[in-house]
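Q:
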Amino acid sequence: MGKLNIIKNITFKRQFMLSIISVIILSIFFTLAGLVLHIQLINKGVILRAGYYSDLVPGIKQYINKNKDKILNKDFKNKLEKVIPTVGIEYEVVDSAGRLSYGYFKKPIASEVPISKDQTTKINGRINPEIIMSIPIIDNKDLKGMVILKYYIRCSAKNPNFNFIARYSDTFVILSPFVYIILFSIFFGRRFNKKLNVPLKQLMEAAERIRVRDLEFKISYENDNELGKLCKSFEDMRVDLKKSLENQWKMEEERREIVSDVAHDLKTPITIIKGHVEGLLESNKLDKDKLYRYLNLINRNIDRMSNQVQRINLLTKIESETFKLSDSECDLVAYINEKSMDYDVLAQGKKVKFVCNIQDLRSSNDLIKIDTYVLSEILDNLVSNSLRFTKEDGRITLNLKLNSNKVIFSVYDTGCGFSRKDLENVFKKFYEGDESRSKEKGHSGLGLYIVKTLVDKLGGTVKVKNNDEGGAEVKVYIPIKNPNKSA
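So for the sequence shown, this note's numbering puts the first residue at 93; every next one is plus one.
Written as structure tokens, this is what we have:
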């Protein structure tokens with residue numbers, strides 16, 4: 093398995109070079125193997141070398157001269173054919189007038205050479221040439237006749253049934269390097285092409301699917317080579333593109349939700365304002381109490397719309413990529429005391445008791461660095477949530493615990509608390525919870541989402557639970573930046 097992974101991880105450049113080297117080595121090996129086999133077959137006499145029959149001619153000539161007085165006799169044919177191997181040599185025996193006595197041939201050959209006392213040789217062709225040779229029969233200087241031989245200078249088989257193979261064995265040995273190079277080039281070329289086609293096909297299919305905005309696929313080619321790295325980069329691009337599109341779709345969906353929620357939130361106060369304005373316009377008599385009551389309702393609903401618009405603006409601002417914290421030095425204890433006075437006034441207006449407890453565990457009251465705008469939004473949202481769900485004569489407690497490393501805020505109330513579903517979903521955008529915590533009280537599901545987002549920006553954490561009195565408790569942990577230590 094390890095070796096297979098190593099092969100897969102070899103670069104295509106190296107694979108190409110290895111393929112070329114393999115073609116060369118295998119071609120040389122098989123060529124040498126073929127040559128050795130060819131030589132062994134020749135040595136064992138299975139294949140007769142090209143000059144085999146030429147080497148027999150001197151012996152045949154000597155035998156003819158020795159038996160010149162018997163050669164023309166037809167009864168001598170069997171003895172002569174023991175010397176002339178008819179497997180590879182055709183022959184004719186003619187008298188001095190050129191008349192055929194006997195022989196072994198496919199086509200007459202006597203006419204190919206002149207009748208003469210001299211030995212003549214005729215060569216036809218250059219590759220595997222045909223040799224026609226006349227051996228004169230001379231007795232007392234008189235020409236009695238001739239023996240005409242016909243054979244080829246080419247390899248042949250001892251068994252004539254395999255001549256068709258043996259005749260081209262020399263040619264094959266010569267051409268075999270080129271044959272093997274072509275065959276192995278085709279083999280390794282197809283193999284290399286197959287390796288290329290797998291990732292290329294995936295890339296082409298991926299490009300086409302991306303073109304039609306289909307990102308639900310995965311490129312599975314994971315080899316550590318050039319195309320493997322390209323496929324990985326392409327897959328990373330697909331994942332990033334998918335995330336980007338999903339975020340874009342999510343943002344578009346959230347925008348639609350915001351528009352829908354804003355429209356829903358503003359519809360009720362606008363309807364109330366419109367109804368009271370129409371009542372004022374249609375009234376013939378405007379007594380002071382009625383006018384005050386109507387104007388007070390109009391003012392409260394205008395505040396409600398204003399608060400909702402402010403929350404949407406804040407949400408848009410903090411979710412923007414350009415949003416950055418703007419830290420400044422702050423005396424946190426004095427800052428919380430000042431905010432507590434504002435919250436106490438708001439609580440009195442709702443006949444709710446507000447309590448602020450500060451526990452500073454530091455050795456000195458040093459300034460800290462924090463974005464006071466963000467801190468104010470966090471506290472305002474927490475206290476306003478508690479005010480919204482705490483009944484008259486209830487109590488809201490803001491606890492601050494401060495040490496050298498972090499600051500802990502907790503807002504504790506005696507309201508209706510969180511349901512189990514609320515505890516699981518309270519930080520989700522536009523989560524409205526139970527009907528008692530929904531829009532008829534001005535709740536749009538953004539308060540704690542904004543708190544969570546801002547606390548995250550400060551590098552802190554936020555937790556929610558129900559307290560011992562059944563009300564809600566939200567605890568915020570924020571790390572401290574001490575300007576003196578950071579300097």
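The beta carbon of each residue, even a glycine, is placed where N, CA and C say it ideally should be.
Pairing CB atoms from the region 141-148 with CB atoms from the region 322-337, are three or more of them under 8 Å?
A: No: the two stretches stay apart, fewer than three of their Cβ pairs being nearer than 8 Å.
Q: Would you list the one or two residues that DSSP bridges to Y569?
A: Bridge partners of Y569: I500, T553.
Q: Which residues in the same chain have their Cβ closer than 7 Å to the Cβ of K169, if we skip the five residues on either side of it in sequence?
A: Answer for K169: Y194, listed in chain order.
Q: Out of K342, S432, E484, Y541, which has the shortest C-alpha to C-alpha gap to D514?
A: Taking only the C-alpha atoms, the option nearest D514 is Y541.
Q: Which of the three DSSP states is assigned to G563 in this structure?
A: Correct three-state label for G563: coil.
Q: I'd like the list of long-range same chain contacts for F415, defined as Cβ closer than 7 Å, with 5 residues on each side in sequence excluded.
A: Correct list, in chain order: K409.
Q: By DSSP, does I181 sit in helix, in strand, or in coil?
A: Three-state result, I181: coil.
Q: I'd like to check one pair, V447 with I589: are the Cβ atoms closer than 9 Å?
A: Summary: the structure shown does not reach residue 589, with the chain confined to residues 93 through 579, and so no result is reported for it.
Q: Which residues in the same chain as K198 place their Cβ atom closer than 7 Å to its Cβ, once the five residues preceding and following it in sequence are excluded?
A: For K198, where only same-chain residues beyond five positions count, the Cβ hits under 7 Å are E182.
Q: Could you pull out every residue in the same chain whose Cβ sits closer than 7 Å to the Cβ of G371, ignoring the five residues on either side in sequence?
A: Taken in chain order, the residues that qualify are Y386.
Q: Give the DSSP-derived three-state secondary structure of Q451 in the structure shown.
A: If DSSP states are grouped into helix, strand and coil, Q451 belongs with the strands.
Q: Any chance the region 332-341 sits against the region 300-307, with 3 or more Cβ pairs inside 8 Å?
A: Yes, they touch.
Q: Which of the three DSSP states, helix, strand or coil, is assigned to I230?
A: Looking at I230 - three-state DSSP - the assignment turns out to be strand.
Q: Do L406 and E469 come within 9 Å of each other at the CB atom, strictly closer than that value?
A: Taking 9 Å as the Cβ cut-off, E469 and L406 qualify as a contacting pair.
Q: Measure the C-alpha to C-alpha separation of D560 and K493 and round it to an integer number of angstroms.
A: Using only the alpha carbons, I get a separation of about 20 Å.
Q: Leaving out five residues on either side along the sequence, give the residues of the same chain with a beta carbon under 8 Å from the beta carbon of S114.
A: So the list reads F276, F280, once near-sequence residues are dropped.
Q: With a 10 Å radius around its C-beta and 16 neighbouring C-beta atoms as the bar for buried, classify R396 as buried or exposed.
A: So R396 counts as buried.
Q: From G507, L417, V185, I215, pick the residue whose C-alpha is nearest to that of K236; which is it?
A: Considering only alpha carbons, the answer is V185.
Q: Let me know if T363 comes out buried or exposed under the rule of 16 or more other beta-carbons within 10 Å of its beta-carbon.
A: Burial call: exposed.
Q: Looking only at DSSP bridge pairs, what is E421 linked to?
A: Note: E421 sits in a beta bridge opposite K461.
Q: Would you grab the beta carbon distance between D485 and A564 for me? Rounded to a whole angstrom, and I think it's under 8 Å.
A: D485 to A564, Cβ: 17 Å. No contact.
Q: Using a Cβ-Cβ cut-off of 6 Å (strictly less than) and excluding sequence neighbours within five positions of L241, which residues of its own chain qualify?
A: I181, Y183, M225.
Q: Contact defined as beta carbons within less than 8 Å: I believe L453 pairs with C422. What is the distance between those atoms, to the nearest angstrom?
A: At roughly 18 Å, the Cβ-Cβ gap does not stay under 8 Å, so L453 and C422 are not in contact.
Q: Contact check, S119 vs Y272 under 8 Å by CB: the rounded distance?
A: Indeed they touch by this definition, with Cβ atoms about 4 Å apart.
Q: Are there 16 or more other CB atoms within 10 angstroms of the CB of I219, so buried, or fewer, so exposed?
A: I219 comes out exposed.
Q: With DSSP as the reference, label D548 as helix, strand or coil.
A: Three-state DSSP puts D548 in a helix.
Q: How far does the beta strand (DSSP E) with S193 in it extend, from its first residue to its last?
A: Taken as a continuous stretch (DSSP letters only), the beta strand (DSSP E) holding S193 covers 192-196.
Q: Indicate whether A298 and R246 have their beta-carbon atoms separated by less than 9 Å.
A: Not in contact: A298 and R246 (Cβ atoms no closer than 9 Å).
Q: On the premise that I207 lies in contact with I176, defined as a C-beta separation below 8 Å, what is that separation, rounded to the nearest angstrom?
A: About 20 Å; that fails the 8 Å criterion.
Q: Since I believe R403 is in contact with L550 (beta carbons under 8 Å), could you give me their beta-carbon distance rounded to a whole number of angstroms?
A: Their Cβ separation, rounded to whole angstroms, is 19 Å, which puts L550 and R403 out of contact at 8 Å.
Q: In the DSSP output, what is T212 paired with across the bridge?
A: Partner(s): S226.
Q: Taking the alpha helix (DSSP H) that T408 belongs to, which residues open and close that run?
A: 380-411 is the span of the alpha helix (DSSP H), which, as asked, contains T408.
Q: Could you spell out where the beta strand (DSSP E) holding L494 opens and where it closes?
A: Looking at the DSSP string, the run of the beta strand (DSSP E) that includes L494 is 487-494.
Q: Near P361, what residues of its chain come up, given a Cβ to Cβ distance below 6 Å and the 5 sequence neighbours on each side ignored?
A: Cβ neighbours of P361 beyond the five flanking positions: N393, R396, M397.
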